[in-house]
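To keep things clear, I will list the structure first and then write my remarks on it.
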Amino acid sequence: MDDLNPPQTARVAVPRAVPVPRAVPRVEPEEPTEPAAIPVPEAEPVAVVEVVAEEPVHTLTHVDEYLRVAQEAGASDLHLGINAQPIWRRHGLLAPIWSQADTLTAEDTKTLAWNFLTDAQKELLAARGDVDFAYATDFGRFRASVVRQRLGIDIVFRVISTNLRSMDDLGLPESLKLLTQYHNGLVLVTGSVGSGKSTTLAALVDEVNKTRHDHIITLEDPIEYIIESKGCHVTQREVHTHTKSFGAALRGALREDPDVIMVGEMRDLETISLAITASETGHLVLGTLHTGSAARTLDRVLDVFPIDQREQIRIMVSESLRGIVSQQLIPRKDGDGRVLAMEILTNTPAVGNLIREAKTYMLPGVMQTGKKQGMKLMDDSLMELYDNGLISQEEAYVRAEQKALMRQHFAH
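Just so you know, we're using the numbering used here here: the sequence shown kicks off at 58 and counts up by one.
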């Protein structure tokens, strides 16, 4: 494919605001044109970050130079896309890295991609159209995604924090620690992309690692936090590097004498089915789904199965489920980062009955009265953050499930 041929030339230059030793200046045209507008979806808020450059920042020679800038500024994501300036995501908002910067061309992004992709990854990109993997430098770890699109190649990096934070560091409630004390069952951490699921899940694994003497197997895509063995023996496997899929890895894990299995993504029938089976056969399974509430999580798990199997699966889940944690990261009112809002469901006889009877829509009512069991609705978490002055009224309202009740809360 022509658009995947190795580039012939590269343009490089050093930004005045962020000196990078490997980049060299490029000769500019006498009448430089205005940089192209940054294409940002309308639904995404764009924060203008004041990073003043004495002159336009030119294209750098290697992705590591962009990554260092992004990491040092506390960005969570870096976007290097065609017909756009380099942009990052900080505190959940997209913004240009520099106030003035060259617009990246198709040749620029191809050059950047070819400078860090392996030959095998280039072949996979050509065959499949996208490739994602863990990328390590001498200053950090990142989750890389390189995709082919209409104009050429786009590159996105997620910054992976190598600092494994404990449950206490994250301020997670005691009810979550109780979930780590089970020796079997299913614990799910859910939320949208970028909601901190991996961080919470790693903290749960860390709690098990510190307090028990078991065999923990983590199945991830890619490995994010490096978990050193403490009280437990820890085995970490990466999908596409050490195994071909989550399903294959989970099947293999069941033959490796595990006590605790952490599944980074539960998206397909095979993985969800194996996770439920493992949770029923004497293993504590910790997993994630991209769902926004406890009720929707259960619906997602059940709906993946054929209709003729769902009644049996409802019974299995009602007995094996230990808890569901659904979370969001919300911009702080003062603009200084984001704060965690969390919904917690713990399995009780009442919850189990609703799951068996396919009445998950009634779960919020049970959760409202289950605070003594550590349960908490997302709306209650939002109200608490609003009352404490941590998030704005607008953020609380937009994210509320029961908007009429949220309006009433604002009125009091």
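All residues carry an ideal CB built from backbone N, CA and C; glycine is no exception.
Short Cβ contact (8 Å threshold) for residue i with residue j
i: Q6; j: G251; result: Since the first residue shown for the chain is 58 and the last is 469, residue 6 is missing from the structure and cannot be characterised.
i: R367; j: L359; result: yes
i: M323; j: G344; result: yes
i: H340; j: V320; result: no
i: L124; j: T166; result: no
i: V382; j: L227; result: no
i: V216; j: A132; result: yes
i: D211; j: A201; result: no
i: R456; j: I401; result: no
i: D436; j: L462; result: yes
i: T162; j: I139; result: yes
i: G349; j: S438; result: no
i: V120; j: Q157; result: no
i: A352; j: Y418; result: yes
i: G394; j: H240; result: no
i: A170; j: V203; result: yes
i: P421; j: L434; result: yes
i: E315; j: H272; result: Going by the sequence as given, residue 315 is Pro instead of Glu. Yes, the pair counts as a contact, with Cβ atoms nearer than the cut-off.
i: D159; j: W145; result: no
i: V52; j: L229; result: The shown model of the chain, from 58 to 469, leaves out residue 52, and the question about it has no answer.
i: I284; j: E295; result: no
i: R205; j: D187; result: yes
i: L326; j: V361; result: yes
i: A407; j: R371; result: no
i: T219; j: R185; result: no
Per DSSP, the bridge partner or partners of residue i
i: V204; result: D187, D211
i: F199; result: Y192, V216
i: A398; result: Q385
i: N144; result: Note on identity: in this sequence residue 144 is Ile, with Asn being the wrong assignment. Bridge partners of I144: H136, P153.
i: T345; result: V246
i: K433; result: I401
i: L439; result: Paired residue(s): none; L439 is not in a bridge.
i: L181; result: BP columns for L181 are empty, so no partner.
i: L355; result: None; L355 has no bridge partner.
i: A158; result: V114
i: L378; result: L243
For residue j and residue i, believed in contact at Cβ under 8 Å, the rounded distance
i: T256; j: R222; result: 7 Å
i: S449; j: R413; result: Not confirmed; about 40 Å, so no contact.
i: T237; j: V265; result: 5 Å
i: A191; j: M224; result: Actually they do not touch by this definition, with Cβ atoms about 24 Å apart.
i: L243; j: S377; result: 5 Å
i: T403; j: Q369; result: Going by Cβ atoms, the distance from T403 to Q369 rounds to 23 Å, so no, they are not a contact pair.
i: F196; j: Q128; result: 7 Å
i: R357; j: L447; result: R357 to L447, Cβ: 29 Å. No contact.
i: M432; j: M440; result: At roughly 15 Å, the Cβ-Cβ gap does not stay under 8 Å, so M432 and M440 are not in contact.
i: G380; j: T405; result: Not really, about 10 Å apart at Cβ, beyond 8 Å.
heavy atom of the ligand NAP below 7 Å from residue i C-beta
i: S223; result: No copy of the ligand NAP occurs in the structure displayed, which carries no ligand at all.
### Query
With a cut-off of 8 Å, do at least 3 Cβ pairs link the segment 296-305 to the segment 267-280?
yes
#### Entry: Complete alpha helix (DSSP H) runs within the segment 403-429 (minimum length 4 residues, chain order)
406-413, 420-425
### Whole runs of the alpha helix (DSSP H) within the segment 248-335, excluding any shorter than 4 residues
You should have 254-268, 303-310.
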